[in-house]
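As they're listed, the protein sequences go chains C and D. Numbering of the first sequence is given in full-length UniProt numbering, commencing with residue 1 and proceeding in unit increments. Numbering of the second sequence is given in full-length UniProt numbering, commencing with residue 1 and proceeding in unit increments. Just so you know, even glycine gets a beta-carbon here, dropped at the ideal spot from N, CA and C.
Protein chains: 2
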Amino acid sequence: MRVTTIHAAGDIRLEERPVPVIGAPTDAVIKITAGCICGSDLWPYRGENPITAGSTIGHEMVGVIEEVGSEVRSFKPGDFVIVPFCTCDNTCPNCDNGAHSACVNGGFTTGGQGEYGLVGQADGSLVKTDGMPDPSMIPSLLTLSDVFPTGWHCAVSAGVRKGHTAVVVGDGAVGLCGVLAAVQLGAEKVIAMSRHESRQEIARAFGATHIVAERGADGAKRIKEITDGVGADAVLECVGTDDAMRMAFQAARPGAMVGFVGVPHGVKLPVERMFAKNVGLAGGVAPVRRYLPELLDLVTSGTVNPGLVFDSVMPLADVAEGYRAMDERRAIKVLLQP
Amino acid sequence: MRVTTIHAAGDIRLEERPVPVIGAPTDAVIKITAGCICGSDLWPYRGENPITAGSTIGHEMVGVIEEVGSEVRSFKPGDFVIVPFCTCDNTCPNCDNGAHSACVNGGFTTGGQGEYGLVGQADGSLVKTDGMPDPSMIPSLLTLSDVFPTGWHCAVSAGVRKGHTAVVVGDGAVGLCGVLAAVQLGAEKVIAMSRHESRQEIARAFGATHIVAERGADGAKRIKEITDGVGADAVLECVGTDDAMRMAFQAARPGAMVGFVGVPHGVKLPVERMFAKNVGLAGGVAPVRRYLPELLDLVTSGTVNPGLVFDSVMPLADVAEGYRAMDERRAIKVLLQP
């Protein structure tokens with residue numbers, strides 16, 4: 001089968017590898033209907049994370065079960081499933097606590113930018129649809145693998161509640177899903193920080209009430225104006241850089257929470273400011289499985305359309321171009337069709 | 001009147017100064033019944049905070065109103081009041097949001113280790129008792145000025161809920177009040193980290209179910225044992241050092257919250273660990289006024305006896321010895337009688 005590999009910064013290849021086989025009795029093999037490129041894939045692509053040359057890359061996918069291990073009870077070949085980027089047994093104490101991404105039997109999905117994927121802890125990790133979905137639903141279903149629950153986790157971690165004013169730092173696909181999540185969780189004002197017209201449009205489609213194009217001190221000033229000088233009740237940091245984190249804390253009102261879901265790169269937390277202003281921080285690797293039943297309902301009922309974040313669809317053969325397009329911010333998020 | 005001043009590290013004096021006078025129409029002058037020394041007073045005493053030579057020190061007090069400004073409506077001379085260490089109007093947007101310590105008209109109380117104190121925003125800041133309290137109640141009432149609501153804020157910030165396992169890092173008066181708060185908020189197991197027998201005793205009196213004397217990796221190991229390998233649901237960091245913060249994050253289970261109320265000194269937050277384990281952090285300067293009605297009820301009803309943290313009572317004249325006793329950890333917390 002063909003699967004995407006990374007050999008060095010900027011060196012993405014589509015290679016022939018054996019179709020994965022069931023290793024553990026809890027595994028499942030998935031024939032991938034759609035995969036995609038994640039913002040976090042750009043860290044190694046840009047040389048900012050270590051790379052094992054020739055390793056597969058890609059952790060988001062939806063598809064049809066091809067084969068299951070002997071202990072898998074809830075799924076059978078032919079089921080259409082959402083594959084969370086992090087796997088879990090959904091029964092350990094961490095899963096019971098809602099921290100599925102720290103499952104004691106968990107791991108990460110790989111091979112998502114390919115033809116077949118291998119998923120561990122299939123019973124605990126996967127969620128299936130009622131029958132085969134309409135092709136028009138595939139993009140939104142694919143967002144359930146990572147980007148939508150990650151934005152959702154950011155909003156939940158930021159404590160977004162009815163009537164809140166929420167600020168979203170970052171206009172990538174996660175940030176846009178954070179806008180969608182904040183709106184769904186009842187925020188009255190949702191301020192998307194974005195300088196890109198195409199991203200602003202999606203933010204508005206997701207329910208953003210305000211767009212702030214300024215950054216840094218100017219951005220903080222605009223947010224103060226919008227919030228009558230108080231600051232935001234909840235802030236979603238959806239990037240992972242020190243600048244973005246700094247912006248998030250500048251936007252927060254005293255007593256607010258900042259949610260964060262961007263893998264931190266060079267972030268130094270402003271502990272003195274946090275203390276003086278009582279601004280907390282929570283978040284991390286999204287416990288996708290925890291949110292899936294609720295978010296799948298939102299998608300299948302047509303309440304939300306997170307698939308809008310895919311502004312580019314490419315055949316798997318063009319994966320290297322997909323990376324270039326996202327790296328150069330020509331594309332928000334690229335959907336890959338095997 | 002006599003009031004405590006600090007001139008240099010280790011140089012505490014009791015000096016004659018004029019009795020404070022009403023400056024703003026929202027002020028009140030308090031004849032102090034009891035004041036005390038705060039753990040945070042030890043930072044300048046130890047030379048770890050900048051000092052303005054000759055400035056007054058001390059911010060905790062209870063006493064009787066001597067005089068009020070022309071706009072003070074809710075209090076009159078003769079009322080016995082709790083004086084929060086941070087003042088607030090209790091009406092601004094930050095107060096409405098429960099962030100009273102960031103009140104736009106707020107400030108800090110001073111002169112608490114003296115005979116008379118001046119309090120700003122009297123109507124918003126103060127809470128009075130029903131009549132003059134019995135002298136036996138004074139220590140517990142005095143804890144409402146800072147240390148008990150600060151421990152309470154730590155537990156609230158850590159998200160302590162019914163059935164939780166809570167760990168308290170720090171066995172100073174704030175940490176001990178954190179134990180009391182965690183118990184009152186319904187924690188099933190409360191683990192006090194303490195190596196001092198007299199402090200362990202108070203922790204037990206406040207409801208601690210476990211004492212862990214070990215620190216660092218050994219302490220984390222003991223907490224893992226007590227929590228069946230999972231870690232604590234909520235951790236209260238009541239010190240403010242990097243070691244204590246590190247300990248707090250080691251004790252937390254995935255998805256937990258760390259509350260923090262010790263003024264951070266040299267703390268570097270472990271953002272990568274926080275992200276990987278989904279362990280959040282919240283807290284800061286305690287919004288005392290927010291909690292006062294509830295905590296005053298707990299005290300006056302006899303439900304709790306936070307005054308136990310005062311293991312030493314001295315006349316105001318001995319204030320310098322009080323500082324020495326706390327600095328050398330001979331005393332947990334010193335109550336001063338003017």
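For residue i, the nearest candidate out of the options (CA to CA)
| i | options | result |
| --- | --- | --- |
| Arg-17/D | Asp-11/D, Ile-57/D and Gly-47/D | Ile-57/D |
| Glu-188/D | Ala-232/D, Gly-219/D and His-196/D | Ala-232/D |
| Pro-287/C | Lys-76/C, Asn-90/C and Ala-9/C | Asn-90/C |
| Lys-31/D | Val-64/D, Ala-282/D, Leu-335/D and Val-167/D | Val-64/D |
| Gln-184/D | Glu-48/D, Pro-44/D and Asp-297/D | Asp-297/D |
| Leu-118/C | Phe-310/C, His-59/C, Asp-318/C and Ile-226/C | His-59/C |
| Pro-133/C | Met-1/C, Lys-221/C and Val-299/C | Val-299/C |
| Met-257/C | Gly-112/C, Ile-82/C and Ala-155/C | Ala-155/C |
| His-153/D | Gly-98/D, Ser-198/D, Asn-94/D and Ala-192/D | Gly-98/D |
| Ala-173/C | Met-1/C, Arg-330/C, Val-3/C and His-7/C | Arg-330/C |
| Arg-215/D | Ala-317/D, Leu-126/D, Met-247/D and Ala-208/D | Met-247/D |
| Ile-191/C | Ser-157/C, Ser-198/C and Val-235/C | Val-235/C |
Separation of residue j from residue i, as counted between CA atoms
| i | j | result |
| --- | --- | --- |
| Leu-142/C | Thr-129/C | 12 Å |
| Ile-202/D | Ile-22/C | 57 Å |
| Pro-139/D | Gln-200/D | 19 Å |
| Gly-283/D | Pro-264/D | 11 Å |
| Ser-40/C | Val-19/C | 25 Å |
| Ser-101/C | Val-279/D | 12 Å |
| Val-313/D | Glu-272/C | 33 Å |
| Cys-86/C | Pro-254/D | 15 Å |
| Gly-124/C | Asp-242/D | 38 Å |
| Glu-237/D | Ala-325/C | 45 Å |
| Tyr-45/C | Gly-10/C | 5 Å |
| Ala-34/C | Thr-150/C | 18 Å |
| Gly-107/C | Glu-115/C | 20 Å |
| Ala-166/D | Lys-76/C | 42 Å |
| Tyr-323/C | Met-245/D | 40 Å |
| residue 339/D | Thr-4/D | With chain D covering 1 to 338 only, the question about residue 339/D has no answer from this structure. |
| Leu-212/D | Arg-222/D | Checking the sequence shown, residue 212/D turns out to be Val, not Leu. Cα to Cα, the separation comes out at about 7 Å. |
| Asn-94/D | Ala-251/C | 14 Å |
| Val-285/D | Thr-110/D | 16 Å |
Three-state secondary structure assigned by DSSP to residue i
| i | result |
| --- | --- |
| Glu-67/D | strand |
| Glu-188/D | coil |
| Val-230/C | coil |
| Val-169/D | strand |
| His-210/D | strand |
| Cys-86/C | strand |
| Gly-39/C | helix |
| Ala-256/D | strand |
| residue 340/D | For residue 340/D there is no data in the structure shown, the boundaries of chain D being 1 and 338. |
| Ile-223/C | helix |
| Asp-218/D | helix |
| Ile-12/D | strand |
| His-164/D | coil |
| Lys-128/D | strand |
| Leu-144/C | coil |
| Met-274/D | helix |
| Met-326/D | helix |
| Val-19/D | coil |
| Met-61/C | strand |
Beta-carbon spacing of residue i, residue j below 8 Å
| i | j | result |
| --- | --- | --- |
| His-196/D | Asp-171/D | yes |
| Cys-103/D | Pro-306/D | no |
| Leu-292/C | Leu-180/C | no |
| Leu-295/C | Phe-148/C | yes |
| Val-168/D | Gly-159/D | no |
| Val-334/C | Cys-36/C | yes |
| Ala-28/D | Val-72/D | yes |
| Leu-308/D | Gln-113/D | no |
| Ile-6/C | Ile-51/C | yes |
| Val-239/C | Gly-262/C | yes |
| Gly-186/C | Arg-204/C | no |
DSSP bridge partner residues for residue i (one or two, in chain order)
| i | result |
| --- | --- |
| Pro-315/D | Gln-337/D |
| Tyr-116/D | Lys-31/D |
| His-265/D | Thr-241/D |
| Ser-55/D | Ile-6/D |
| Thr-110/C | Leu-118/C |
| Ala-282/C | Gly-259/C |
| Val-235/C | Val-167/C and Val-258/C |
Interface flag, residue i vs chain B, CB-CB below 8 Å
| i | result |
| --- | --- |
| Asn-97/D | Of the chains in the structure shown, none is chain B; the protein chains are C and D. |
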